[in-house]
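Undergrad: Residue numbers (the working numbering): 673 to 1087.
1) For residue 863, count the other beta carbons within 10 Å of its own beta carbon; 16 or more makes it buried, fewer makes it exposed. Which is it?
2) Is the beta carbon of residue 893 sitting closer than 8 Å to the one on residue 944?
3) Helix, strand or coil: how does DSSP classify residue 863 here?
4) Quick one: grab the DSSP three-state call for residue 1083.
5) Apart from the five residues just before and just after residue 859, which ones in its own chain have a Cβ nearer than 7 Å to its Cβ?
6) With DSSP as the reference, label residue 1001 as helix, strand or coil.
7) In three-state DSSP terms, what is residue 1072?
8) In terms of residues, what are the limits of the beta strand (DSSP E) holding residue 953?
9) Have a look at the DSSP bridge pairing and note the partners of residue 1077.
10) Look at the Cβ atom of residue 875, then the Cβ atom of residue 848, and state whether they are nearer than 8 Å.
11) Jot down the residue ranges of each uninterrupted beta strand (DSSP E) in the segment 985–1033, minimum 3 residues, whole runs only, in chain order.
12) Work out the CA separation of residue 792 and residue 786 for me, nearest whole Å.
13) Taking the continuous beta strand (DSSP E) assigned at residue 940, which residues delimit it?
14) With the cut-off set at 8 Å, would you say residue 1011 and residue 1020 are in Cβ contact?
15) Whole angstroms are fine: how far does the CA of residue 953 sit from the CA of residue 868?
16) Rounding to the nearest angstrom, what Cα-Cα distance links residue 996 and residue 777 in this structure?
17) Thinking C-beta only, is residue 1058 closer than 8 Å to residue 1075?
Structure, rendered in structure tokens:
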């Protein structure tokens, strides 16, 4: 019985030990499982946190990109708005400028139209005056011719021979004083008097404090038919002088000198008894005795139209102009000027001049011409001797033409 009890006790202790071992094993397995589950949970949580972090970073990046894009779009919109506002402002400014220009053009056109009308009225009045003066001059000439005829019949051996003394042309001297421009600033109605303006730079080293002008024709000496006193430079504060010039031929020659052309203006230092010429200008002028009323040499008309030369001025070695009187019979026409060397007719291609449109009736017109930069002249310096002025109709048919001979020196402009 004791052995059974012992065996039973041992069996119970073994069963208890096995139960404890089983419980310990189960506990260990449970703890291992718990730790495994905790590790997996921790890993899952860490992964979730990493994914949340990456998601947060992605969202932050997306928000930043959206912000940058929004700022860029806002900036672009602002630039486009500013550009549109600037374009609108420029369009407004251009519209205002165009409107102002159109208004100024309208005012200018009205002023030009008014000036043309006044010029036309003045030209008509001038033409009527000239016609009346010519008529009176013609009557006077007829009376003078009759008187001369009667005098000749009474005294057949008498009479006056008109001659122009031949003199050597003046010679330019070397002086420090300079003449910068010479021009006609005023003319009397009968062309017996003109005022010549001279711009100068006087050097006291020349020690000749008087300035004067003389008139001459190419190849001849200064004419004795003109009267103009010199001026004293010391009394002038401006470098500009005016010289009233009177055409005063001898009384015995007045009737025979109804028209007297000159083409040279000589400027001198010194007094009339001792002149030192320092400059000459080519300027074709037509003079008439006081009260003659003549209007210069008129062109031969083709249909009653006429043209006559008022004057010619060479501004510089490259350009010049002519002033002409015309009377156009027809609706419209033009004035054309040609400058050339009579020995080389094609030399007219060395110059350029635009035809000037004119209206029917009498008028006065200035026509400019010049040596262009691309002139076909073979030389930089050259001479010409002829000015031809033509009055044409609207079909370029020649109605009147005149030629004037005067020696001119020209130069090709520098680039």
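Virtual Cβ for every residue (Gly too), placed ideally from N, Cα, C.
TA: According to the data block:
1) As a working note, residue 863 is residue 191 in the chain shown. Per the 10 Å Cβ criterion, buried.
2) As a first step, residue 893 must be located in the chain shown, where it is residue number 221. As a first step, residue 944 must be located in the chain shown, where it is residue number 272. For residue 893 and residue 944, no; Cβs fall outside 8 Å.
3) Here residue 863 refers to the residue found at position 191 of the chain shown. Coil.
4) Taking the first residue of the chain shown as 1, we reach residue 1083 at position 411. Three-state result, residue 1083: strand.
5) Here residue 859 corresponds to residue number 187 of the chain shown, with the count starting at 1. Closer than 7 Å at the Cβ level, and outside the excluded window around residue 859, lie 866.
6) The residue given as residue 1001 occupies position 329 in the chain shown. Residue state, collapsed to three classes: strand.
7) Here the question's residue 1072 lines up with position 400 in the chain shown. Correct three-state label for residue 1072: strand.
8) As a first step, residue 953 is located in the chain shown; it is residue number 281 there, counting from the start. 946–959 is the span of the beta strand (DSSP E), which, as asked, contains residue 953.
9) As a first step, residue 1077 is located in the chain shown; it is residue number 405 there, counting from the start. Its beta-bridge partners are 1058.
10) The residue labelled residue 875 in the question sits at position 203 within the chain shown. The residue labelled residue 848 in the question sits at position 176 within the chain shown. It is a contact, given that the beta carbons lie within the stated cut-off.
11) 991–1012
12) As a working mapping, residue 786 is identified with position 114 in the chain shown. As a working mapping, residue 792 is identified with position 120 in the chain shown. Rounded to the nearest angstrom, the two C-alpha atoms are 10 Å apart.
13) Along the chain shown, read from residue 1 onward, the residue named residue 940 stands at position 268. Looking at the DSSP string, the run of the beta strand (DSSP E) that includes residue 940 is 932–943.
14) Locating residue 1011 in the chain shown gives position 339, counting from the first residue. Locating residue 1020 in the chain shown gives position 348, counting from the first residue. Yes, Cβ-Cβ distance for residue 1011 and residue 1020 is below 8 Å.
15) On the chain shown, position 196 is the one that residue 868 refers to. On the chain shown, position 281 is the one that residue 953 refers to. Approximately 12 Å, taken between the alpha carbons.
16) Locating residue 996 in the chain shown gives position 324, counting from the first residue. Locating residue 777 in the chain shown gives position 105, counting from the first residue. Taking the straight line joining both Cα atoms gives about 28 Å.
17) As a first step, residue 1075 is located in the chain shown; it is residue number 403 there, counting from the start. As a first step, residue 1058 is located in the chain shown; it is residue number 386 there, counting from the start. Yes, these two residues count as a Cβ contact at 8 Å.
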